[in-house]
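Since the structure comes first, as structure tokens, the remarks are kept for the end.
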Amino acid sequence: MKKKRSIYDVANELQVSVTTLSFVLNGKGQEKRISKEVIHKIETYIKEIGYQPNHLGRSLSTGKSKTIGMIVGDINNPFFSEVASGIEKIALQAGYTLIVASSNNELNQMKSVIKLLNDRNVDGFIISPITGIEDTIADLRSDNRPMVIFNCHFPELDTFNVVVDNKQGAFEATRHLYENGFRNIGFITLDLYSQNERIEGYSSFIESRHLNKHILKLPYKLDYEQITHEITQFLTTNQELDSVFFSTNFLTLSGLKALSHLDGKYAKMGIVSFDDHLLYDVLNPGITAIKQPVKQISSTIIHHLLNMMDTSDDKRTEPQTIVFPVDLIVRTSSFRR
């Protein structure tokens, strides 16, 4: 069987760089100011030899790969998986395949994934960013890559952002516990940029009532068992706590396990989770939660990205931030029992 030519083989035969060949294959020859003669030379030779890289086959005639790259912190997080599912349904209807990758909240891994997807010529990006990725996002912007940022954003970057009102949601959740008679309210969160506004919301209410703050900020690299152990230590050390507000549903589930191993006093603690979960309706007591409008978030992200991908660079919508309100779903865990 004859060995299939690689892109490096074809570039060598044409005596052009792999980068130049790649740009022409992706329909970006003129955009990258490659001469008409070189573009014609490459296109003619490609047709003669019938060369088609698998992941770029469709883009030879359209300049598009019909793929969208989505990068999230942790795809195991129910929020991210729900958003991805909603985006994928609409993307498929529009003829696009969604490629979802997890960075595990690691900067180098996120950079590598973005580079990989960019090299594969995805038509657009959907990114839940982490601290340190600003320069990479700025580079994508300077290359006019269609992109939507969600979950959190960097105000200094001119990007299209879809977020929720994290600060107000956390403020309302803390106030709800206060209004139900709780005064020693703990807050358990992760040391991630995306959690900062939730910390601010909790702190703002606590300070407005001149209460003591009790914040546990956990390293995001800890696994489920380690988080459960740290929460157990926090609750044991802070005996005065009568309620706990967890900043993610993953932390809530770890916290419930920790509480189940402690004495009866903790069974009566007030509990609120930021992010809802299917289990919260089934558990006894049911868990009060801040619910994000996942369907609206998903729909807004993909519809704006599709519009960007179908619009020339100079006619795209100006960068803006869409902020959705959140809902407090009240169940029995936030009442005194």
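Last residue of the sequence shown: number 333 in my numbering, and the count goes up by one each step with no gaps.
Ideal Cβ positions, reconstructed from N, Cα and C, are used throughout, including at glycine.
Who are the Cβ neighbours of residue i in its own chain at under 8 angstroms, not counting the five residues just before and after it?
i    : result
V160 : Q288, P289, I293, V319, F320, P321, V322
P142 : D119, G120, F121, L301, M304, M305, R312
R334 : The chain is shown from -3 up to 333; residue 334 falls before or after that span and cannot be answered.
L136 : I110, N114, F121, M143
L10  : L17, K37, I38, Y41
N100 : G69, D70
How far does the alpha helix (DSSP H) with residue i in it reach, from first residue to last?
i    : result
K163 : 162 to 175
D131 : 130 to 138
L186 : No alpha helix (DSSP H) contains L186, which is instead part of the beta strand (DSSP E) from 181 to 186.
T40  : 32 to 45
M305 : 290 to 305
G197 : 192 to 204
I145 : From DSSP, I145 is part of no alpha helix (DSSP H) but of the beta strand (DSSP E) over 143 to 146.
S18  : 14 to 21
I3   : 3 to 10
Answer with buried or exposed for residue i, where buried requires no fewer than 16 other C-beta atoms within 10 angstroms of its C-beta.
i    : result
D271 : buried
G251 : buried
I38  : buried
Y220 : exposed
P151 : exposed
L89  : Reading off the sequence, residue 89 comes out as Gln, not Leu. Answer is exposed; the Cβ neighbour count stays below 16.
Y4   : exposed
A124 : It is Ser, not Ala, that sits at residue 124 in the sequence shown. Classification of S124: buried, given that the 10 Å Cβ count is 16 or more.
V12  : buried
L237 : buried
Q26  : exposed
Q222 : exposed
G91  : exposed
A80  : buried
L103 : exposed
Would you say residue i faces chain D, with C-beta separation under 8 angstroms as the test?
i    : result
N280 : Of the protein chains in this structure there is only one, and it is not chain D.
Whose C-beta lies closer than 6 angstroms to the C-beta of residue i among residues of the same chain, with five residues either side of it excluded?
i    : result
S239 : L173, F178, I181, M265, G266
K60  : D119
S57  : Here the model assigns S57 a pLDDT of 44, short of 50, so the residue's position is not dependable and the matter cannot be decided.
T132 : K107, I110
A166 : R194, G197, Y198
Can you tell me where the beta strand (DSSP E) holding residue i begins and where it ends?
i    : result
V109 : Careful: V109 lies outside any beta strand (DSSP E), inside the alpha helix (DSSP H) at 103 to 115.
I122 : 120 to 123
F320 : 317 to 320
A285 : 284 to 287
V268 : 266 to 270
L324 : 323 to 325
Grab me the residues of residue i's own chain with a C-beta within less than 7 angstroms of its C-beta, minus the 5 sequence neighbours each way, in chain order.
i    : result
L52  : Only weak support exists for where L52 lies, its pLDDT of 49 falling under 50; the coordinates are left without a value.
Q316 : F156
T335 : The question about residue 335 has no answer, for the chain in this structure spans -3 to 333.
Rounded C-beta distance between residue i and residue j? I'm assuming under 8 angstroms.
i    : j    : result
I67  : I110 : 6 angstroms
L214 : E226 : 6 angstroms
T244 : L186 : 7 angstroms
N234 : R332 : 19 angstroms between Cβ atoms; not a contact.
Exercise. Hey, which unbroken runs of the alpha helix (DSSP H) at 4 residues or more fall wholly within the region 212 to 257?
Worked result: 220 to 233, 245 to 256
Problem set entry | Sequence ranges, beta strand (DSSP E) only - wholly within the region 67 to 99, length at least 3 | If we require 3 residues or more, the beta strand (DSSP E) runs fully inside the region 67 to 99 come out as 93 to 98.
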